[in-house]
DNA sequence: GCGACAG
DNA sequence: ATCTTGTCGC
């Protein structure tokens, strides 16, 4: 791919907050995508005491969820972790990883929130907007907002409300386990985001996109027997 | 002022 | 995110 940032990254918190508010106006919360046959999962990690940021991206065939391609890139970390400004720390490396792909995805699944954000511009919104791709945010922990009690049954979900506005959903991807937090990144409605995410979970708590990206980023080397390109197993 | 706080 | 063994439960 050929994704390019249209703005600078070396901003202080005040400048970053203003940029988020400006760019948030460009986020599309309605469906705008065609046939989805290839989806990407992005996972970020850190090495050498946070000095290096590692971005791992995988492309899976949809809805089969078999591995089509993957890449891992590393680059110096330039921004600290500050709740509310995660994208300024992780999006640059994520873009590099996406640009290194040999197979282009038609939709992105991110580790982190989209519109579940103080200014409605989380990591998934920032990356989706710059990549101009439909994008969904899936977080493992609650950031902001509240919700009604969530049934323990698989597939159950409840809207997440912040200041009277629905900004995402808490989803029981697997019966009886801690839920995940789903929200729009860009060009995908919340309803579609929930449906597509559940389609990628296969009964596991997290979608295969993040399970695979986390695997290629860390876990033992692939390729060996059946864990290479084309496999469905993890 | 106090607690919460995506990865 | 990351540092890490055993262990409780289905």
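Residue numbers (the UniProt record's numbering): 1 to 234.
We put the CB at the ideal spot given by N, CA and C, even for glycine.
Q: Name the one or two DSSP bridge partners that residue 3 has.
A: Its beta-bridge partners do not exist; DSSP assigns none.
(Q) By the three-class DSSP mapping on this structure, what secondary structure does residue 200 have? (A) Residue 200 falls in the helix class under three-state DSSP.
Q: Identify every residue that forms a DSSP beta bridge with residue 41.
A: DSSP output for residue 41 lists 58 and 109 as bridge partner(s).
Q. What is the DSSP secondary structure of residue 29, reduced to helix, strand or coil?
A. Of the three classes helix, strand and coil, the one that applies to residue 29 here is coil, per DSSP.
Q: Provide the residue span of the beta strand (DSSP E) that contains residue 11, from first to last.
A: According to the DSSP assignment, residue 11 belongs to no beta strand (DSSP E), since it is labelled neither H nor E.
Q.
Just verifying my parser: in three-state terms, what is the DSSP assignment at residue 139?
A. Residue 139: strand per DSSP, three-state reduction.
Q.
Would the segment 5-18 count as touching the segment 167-180 if we require 3 or more Cβ pairs under 8 Å?
A. Touching, no.
Q.
Quick check: what's the CA-CA separation for residue 118 versus residue 58?
A. Distance between residue 118 and residue 58, taken at the CA atoms: about 29 Å.
**Q.** Complete beta strand (DSSP E) runs within the segment 83-135 (minimum length 3 residues, chain order)
**A.** The qualifying runs are 107-111.
Q. For residue 282, which beta-bridge partners are listed by DSSP?
A. No statement about residue 282 is possible, as the shown extent of the chain runs from 1 to 234 and does not include it.
Q | Touch test, the segment 109-127 against the segment 64-79, Cβ-Cβ under 8 Å, three pairs minimum | A | Contact between the segment 109-127 and the segment 64-79 is absent, because fewer than three Cβ pairs lie under 8 Å.
Q) How is the beta strand (DSSP E) around residue 183 delimited, first residue to last? A) First-last of the beta strand (DSSP E) with residue 183: 180-186.
Q: Give the secondary structure of residue 77 by DSSP, where H, G and I count as helix, E and B as strand, and everything else as coil.
A: Three-state result, residue 77: coil.
Q. Would residue 78 be called buried (16 or more neighbouring beta carbons within 10 Å of its own) or exposed?
A. The residue is exposed, with fewer than 16 neighbouring Cβ atoms inside 10 Å.
Q.
For the segment 20-31 against the segment 63-71, do three or more pairs of beta-carbon atoms, one drawn from each stretch, fall closer than 8 Å, so that the two count as touching?
A. Too few Cβ pairs lie closer than 8 Å, so no.
Q. Alpha carbon to alpha carbon, how far is residue 24 from residue 146?
A. Between residue 24 and residue 146, the C-alpha separation is close to 21 Å.
**Q.** Identified DSSP bridge partners for residue 144
**A.** Within the DSSP secondary-structure output, residue 144 pairs in no beta bridge.
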